[in-house]
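Reading through the structure tokens given below for one structure.
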Amino acid sequence: MADIHFGLETEFGITRQNAEGIDVVAESIALVKSAKASGVRLRWDYQYEDPHQDARGFRVKELKQDFDEANYFAQDAARTLTFGEIKSDLVLINGARFYNDHAHPEYCTPECRSLLQLVQQDYIGDQLLMNCAKAINKTTDNPVMLYKNNTDFQGHSYGCHENYLLPRELPWETLAQGIQAFFVTRQLFCGAGKYGWESEDKYLQSGFQISQRSDFFSELQSVDTMQRRPIVNTRDEPHADEDKWRRFHVIIGDANLSPYATWLKVGTTALVINCLINGAKSDEIPQLDDPLHALKSISRDPYWKWIVRTADGRTSNAIEVQRRYLELARRYGDNMQGDWQLIFEAWEKILDDLENNPISTSDRLDWAAKYKLIESFRETEKISDDSAWLRSLDLEYHRLDQNEGLYYALLEQGTLSLPYAAEEFMVDTMISPRDTRAAIRGACIEKFGSRIISAQWDCVRIEGDVKKIELNLRDLFDVGIINQGIKLIKLASKAEDLEQLPFASVI
Amino acid sequence: MPDPTRKVKPMNPAPGGGGDGEGPKEPKVKKPNTDDLLKRMKKVDPDQAKRYRQRTGQ
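Chains as they are written, first to last, in my numbering: chain S, 24 to 530; chain C, -11 to 46.
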């Protein structure tokens, strides 16, 4: 397996029980500010952010904004907070980032090297947000409510992005073309399910579909993320040495409550990337005739046949496309062991189950769990197909509250399979992935706290007694050097003690 | 495009599902409580989603 690092960025929905007149931006800022978790505030270094660079070799002048945003111009213009205060960045001791991304609290996991680390860090993020809401709710009779989902059913979507750091040698077009049909069809097991069809800024009609996000994609490739979203996002912002690394920024996933779905989503995607790195040929890789049409038709198919037309004019289905990717990932994946072998097995099993009896996946997949739960309730309560109640129940599946959310009720019932034993990933401490650069970031924040001048994915600056020390994480992927760094940070009594690290310099 | 007026045919839920062999494990959980699940669902305000409005994110 190629050395691929990965992580998630999840934007959460936020409201109050009595939502009349609330300003979701203010709510999001207040939530982030309420976090009691250990970390440093307002130290995120924005000079290294550049979402305008396109992987196809050019730079765009501006990113598209959603049309609906014009409605909030006056409200936003009246804010007296500084840019930093609006963002309210908190960099945590596990190496994660928690901040207000425009109008949503967003948790970005630290960089992970294993799937266990990934589901652990995703779990830590969910707990962090729940704790913030709990703390606020002790002081109000109008509780904050959080949702790990991707839509408000009125055409406003927010993302759960994945990031894969991979060698730059893999040409962009090989990656973009090779993974396109995989992204269109992986919603079979990554989808979180939705009652309703939408388009940008609009609710269209009732009807169940397997994905939350598929309604919101209308381009094959582009750098945009808020409007006219692409299947393959071309943002070229490696947060690492740009001559060696590429960060593949994936915006086409749903936010999953089920850790099994998260595990399978990131695991299968990493295996497909690995297969492309290892030289899978373009004529071996499935291509769809009309990927954008297929994306919606798969998601909305009421018969769960998921028929697609391939580029060579054949009629196929999404399961067959996935099986082809599985076969290629196996062929081009040498010496797969441990978790990766388990992903192969789980991938094959889920495709078989989806073919034989889709709802039998309700112990693993969000969309099937949600559908089975809500449909049985709908029949009992005689709720009509087009009732808004179905959307409310859908929303409640995603409620980030262990005492209220329907996903958590299913978890408590014992009807859900987990990718690891609960005690392995449902951790109650802010541990960092110990073999990635995130561990260096996290250790610095824990050790030097208020002396942190700035932090970013690829750089940490620390105020010493007499010097300023910069740790350059842009090419820090050697586990031996990372371990050496962690050891030294723990022993250090001042920032200057880190000078001897091979990735440290005085600034 | 599928015909939205046609309904999904109800399917029989299968017991269990994946999780065999060396793979994923069943969670360690408290004893099943279907009453709690039903209670939570009945408590959901049918109009909650109508009031839920977010701003577009990424």
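Ideal Cβ positions, reconstructed from N, Cα and C, are used throughout, including at glycine. Just so you know, these numbers come straight off a predicted model, no measurement behind them.
Would you say residue i lies against chain C (beta-carbon separation less than 7 Å)?
i         : result
Trp370(S) : no
Val47(S)  : yes
Gly276(S) : no
Ser528(S) : no
Phe400(S) : yes
Ser415(S) : yes
Tyr181(S) : yes
His262(S) : no
Trp412(S) : yes
His127(S) : yes
Leu418(S) : yes
Glu72(S)  : no
Phe176(S) : yes
Glu34(S)  : yes
Asp164(S) : no
Asp488(S) : no
Thr38(S)  : yes
Just the C-alpha distance for residue i and residue j, rounded to the nearest angstrom, thanks.
i         : j         : result
Asp458(S) : Ile505(S) : 7 Å
Ala303(S) : Thr285(S) : 25 Å
Arg464(S) : His28(S)  : 16 Å
Ile406(S) : Asp481(S) : 52 Å
Asp89(S)  : Ile512(S) : 44 Å
Thr403(S) : Ala119(S) : 43 Å
Pro34(C)  : Ala334(S) : 44 Å
Asp409(S) : Arg484(S) : 55 Å
His179(S) : Arg251(S) : 12 Å
Asn172(S) : Glu522(S) : 44 Å
Asn41(S)  : Asp175(S) : 16 Å
Glu371(S) : Ser339(S) : 18 Å
Leu139(S) : Phe448(S) : 7 Å
Comparing alpha-carbon positions, which option in the options lies nearest residue i?
i         : options                                       : result
Ile530(S) : Gly361(S), Glu486(S), Arg497(S) and Asn172(S) : Glu486(S)
Val255(S) : Asn186(S), Tyr218(S) and Ala278(S)            : Asn186(S)
Leu434(S) : Leu396(S), Met453(S) and Gly148(S)            : Leu396(S)
Ser137(S) : Leu494(S), Leu188(S) and Tyr431(S)            : Leu188(S)
Trp195(S) : Ala411(S), Ser410(S), Arg79(S) and Val331(S)  : Arg79(S)
Asp77(S)  : Lys87(S), Asp247(S) and Trp220(S)             : Asp247(S)
Val32(C)  : His421(S), Tyr226(S) and Asn380(S)            : His421(S)
Trp220(S) : Leu211(S), Arg236(S) and Phe206(S)            : Arg236(S)
Asn379(S) : Lys110(S), Asn154(S) and Trp327(S)            : Trp327(S)
Ser51(S)  : Gly30(S), Lys372(S), Val142(S) and Ala156(S)  : Ala156(S)
Val207(S) : Pro309(S), Ser245(S) and Gly182(S)            : Pro309(S)
I need the boundaries of the alpha helix (DSSP H) containing residue i, first residue and last residue.
i         : result
Ile296(S) : Pro282 to Ile300
Cys467(S) : Arg460 to Phe471
Gly503(S) : Val502 to Leu514
Ile338(S) : Per the sequence shown, residue 338(S) should be read as Thr rather than Ile. Note, Thr338(S): premise wrong, no alpha helix (DSSP H); beta strand (DSSP E) at Thr338 to Asn340.
His184(S) : Element bounds for His184(S): not the alpha helix (DSSP H) but the beta strand (DSSP E), Cys183 to Pro190.
Arg39(C)  : Gln36 to Arg39
Pro128(S) : That residue, Pro128(S), is in no alpha helix (DSSP H); its beta strand (DSSP E) goes His127 to Cys131.
Phe448(S) : Ala445 to Phe448
With a Cβ-Cβ cutoff of 7 Å, do residue i and residue j count as a contact?
i         : j         : result
Asp68(S)  : Gln364(S) : no
Ser455(S) : Ala444(S) : no
His184(S) : Phe35(S)  : no
Gly508(S) : Leu496(S) : no
Val114(S) : Val63(S)  : yes
Ser415(S) : Ala37(C)  : yes
Ala199(S) : Leu311(S) : no
Ala49(S)  : Ile300(S) : no
Asp73(S)  : Glu260(S) : yes
Ile116(S) : Met453(S) : yes
Leu318(S) : Ile342(S) : no
Thr29(C)  : Phe212(S) : A small correction: the amino acid at residue 29(C) is Met; Thr does not occupy that position in the sequence shown. Cβ distance not < 7 Å, so Met29(C) and Phe212(S) don't count as in contact.
Leu169(S) : Ile37(S)  : yes
Val295(S) : Ala352(S) : yes
Leu280(S) : Asp424(S) : no
Which stretch, first to last residue, makes up the beta strand (DSSP E) that contains residue i?
i         : result
Phe29(S)  : His28 to Glu34
Gln479(S) : Ile475 to Gln479
Arg484(S) : Cys482 to Glu486
Asp124(S) : Arg120 to Asp124
Ala527(S) : Ala527 to Val529
Val255(S) : Arg252 to Asn256
With 7 Å as the threshold, decide whether the Cβ of residue i is near any Cβ in chain S.
i        : result
Thr44(C) : yes
Pro12(C) : Only weak support is given to the placement of Pro12(C): the predicted model assigns it a pLDDT of 49, under 50, and the question is left unresolved by the model.
Lys16(C) : Bear in mind that a pLDDT of 46 at Lys16(C), under 50, signals an unreliable position, so the number given afterwards is only what the model happens to contain. By this cut-off, Lys16(C) is an interface position.
(message) Please list, in chain order, the residues of the stretch 237 to 258 of chain S that have any C-beta partner in chain D closer than 7 Å.
(response) The structure shown contains no chain D; its protein chains are S and C.
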